[in-house]
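For the sequence shown, this note's numbering assigns the number -18 to the initial residue and increments by one for each residue that follows.
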Amino acid sequence: MSQRQNRVDLHLHSTASDGLFTPSEVVRLALERGLSVIALTDHDTLDGVAEARQAAVGTGLEVIAGVEVNSEGDWGDLHFLGYYVDPENGPLRERLQAMRDARVGRARQMVERLREMGMPMEWEEVRALAGGGSVGRPHVGRALLNRGYVKTLQEAFDCFIGNDGPAYVPRLRLTPPEVIQTIIGAGGVPVIAHPIHSGLAAVERLPEFVGYGLRGVEVYYPHHSPEEIEMLLGLCREYGLLCTGGSDFHGPGIKEGASLGSVHVPWECVERLRLEVNYSFMGVIQELKMEHG
Ligand code: AMP
Ligand code: FE
Ligand code: FE
Ligand code: ZN
-18 MSQRQNRVDL HLHSTASDGL FTPSEVVRLA LERGLSVIAL TDHDTLDGVA EARQAAVGTG
42 LEVIAGVEVN SEGDWGDLHF LGYYVDPENG PLRERLQAMR DARVGRARQM VERLREMGMP
102 MEWEEVRALA GGGSVGRPHV GRALLNRGYV KTLQEAFDCF IGNDGPAYVP RLRLTPPEVI
162 QTIIGAGGVP VIAHPIHSGL AAVERLPEFV GYGLRGVEVY YPHHSPEEIE MLLGLCREYG
222 LLCTGGSDFH GPGIKEGASL GSVHVPWECV ERLRLEVNYS FMGVIQELKM EHG
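What follows is the structure, given as structure tokens:
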């Protein structure tokens, strides 16, 4: 197998959410780095997928339709990735739209809090930074940066909009089973994202999530130690889960995640993911056959 066939990155963000590169630029960078399979996994949106796929036409690069969806609440802040979802699936589109609408209200509330804290700024500034995409805290953080209220994006998170920050407002709360079932309903494969970073619940409650239909774990991720990777691989074996991985690239100069293509993801991950999709598809055909005799 050539080096090129081995290059995979299954966790990438673009300007469709809080990344700095457009979907076309993400594809161009992936091609420059010799990748052969990528998944665009923007927060609460599939809007970047069509452009990325268009940019990849004729290049041999596969762009998997992906999405990253959060679930909050008693479970902690857990993130799930959905792979090979149908971007046209109605219930998925509706749910993601609701999540994005809630993100707007929540970002406006954060702007309000910052204003009350003596940092006046306009919601329009944040909206412009999001450029019509899924609005997130990084856009609020960049507005703080532009206004000179902080010196770095990190400082914005550390002092104001981090999970425990004084201007933090939570997102719409979906439960893990709701997220998992929405992904499955759209023909996708649900995978838990960066479980080490999401705290103990992500690992301890894995069997419960498997019960809801979870199919995989993001094992390969920036800064996962060899021991952590081994531990997660062990859990995958125990529960019959597939493993995925990626850089969580958000753009140059952004500390969250790592550089595109910089995390080693074994080719077997892609093969198993593809098999999973085919199995699910065959399952649907089987059900249809039984229904119609
Ligand atoms: P949100 O989904 O709007 O709550 O924003 C979460 C996003 O903020 C993550 O997906 C990261 O892209 C970004 N983020 C989280 N923590 C930090 C941090 N400490 N510094 C920079 N970006 C961060
Ligand atoms: Fe992000
Ligand atoms: Fe995440
Ligand atoms: Zn991510």
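The C-beta atom is built at its ideal place from N, Cα and C for all residues, glycine as well.
For residue j and residue i, believed in contact at Cβ under 8 angstroms, the rounded distance
i: residue 315; j: residue 193; result: With the chain covering only -18 through 274, there is no way to say anything about residue 315.
i: residue 231; j: residue 0; result: 5 angstroms
i: residue 8; j: residue 48; result: That belief does not hold up - the Cβ atoms of residue 8 and residue 48 are roughly 17 angstroms apart, past 8 angstroms.
i: residue 164; j: residue 190; result: Not really, about 12 angstroms apart at Cβ, beyond 8 angstroms.
i: residue 166; j: residue 259; result: Not confirmed; about 18 angstroms, so no contact.
i: residue 59; j: residue 179; result: 5 angstroms
Residues of its chain near residue i, where Cβ-Cβ distance is below 8 angstroms and the 5 sequence neighbours each way are ignored
i: residue 151; result: 53, 87
i: residue -18; result: In this predicted model, residue -18 has a pLDDT of only 46, less than 50, meaning its place in the structure is not dependable enough to derive any value.
i: residue 280; result: With the chain covering only -18 through 274, there is no way to say anything about residue 280.
Residue of the options minimising C-alpha distance to residue i
i: residue 110; options: 99, 100, 122, 245; result: 122
i: residue 185; options: 216, 162, 144; result: 216
i: residue 73; options: 256, 169, 246, 220; result: 169
i: residue 76; options: 59, 259, 272, 51; result: 51
i: residue 142; options: 102, 178, 118; result: 118
i: residue 175; options: 140, 95, 213; result: 213
i: residue 235; options: 135, 273, 187; result: 135
Residue i - containing beta strand (DSSP E), residue span
i: residue 43; result: 43 to 52
i: residue 120; result: It is not in any beta strand (DSSP E) - residue 120 instead sits in the alpha helix (DSSP H) that spans 118 to 127.
i: residue -10; result: -11 to -7
i: residue 223; result: 223 to 226
i: residue 63; result: 59 to 64
i: residue 20; result: 18 to 21
i: residue 199; result: 197 to 201
Cβ neighbours of residue i in the same chain (closer than 6 angstroms, five flanking residues each side left out)
i: residue 153; result: 80, 83
i: residue 29; result: -5, -3, 4, 21, 23
i: residue 255; result: none
i: residue -15; result: Since pLDDT at residue -15 reaches only 47, below the 50 mark, its modelled position is unreliable, and the value read off the structure follows with that caveat. If we look at residue -15 and ignore the five residues flanking it on each side, its Cβ neighbours are 15, 17.
i: residue 263; result: none
i: residue 128; result: 102
Residue i: first and last residue of the uninterrupted alpha helix (DSSP H) it sits in
i: residue 164; result: 157 to 166
i: residue 171; result: Unbroken run through residue 171 is the beta strand (DSSP E), 170 to 173; no alpha helix (DSSP H).
i: residue 148; result: Note, residue 148: premise wrong, no alpha helix (DSSP H); not H, not E.
i: residue 181; result: 181 to 185
Any chance the region 20 to 37 sits against the region -7 to 1, with 3 or more Cβ pairs inside 8 angstroms?
-> Yes: the two stretches touch, three or more of their Cβ pairs being nearer than 8 angstroms.
Are at least three pairs of beta-carbons, each pair with one atom in the region 113 to 120 and one in the region 21 to 29, less than 8 angstroms apart?
-> With the cut-off at 8 angstroms, the region 113 to 120 and the region 21 to 29 touch.
Three CB pairs or more closer than 8 angstroms across the region 222 to 230 and the region 250 to 258 | Yes, the region 222 to 230 is in contact with the region 250 to 258.
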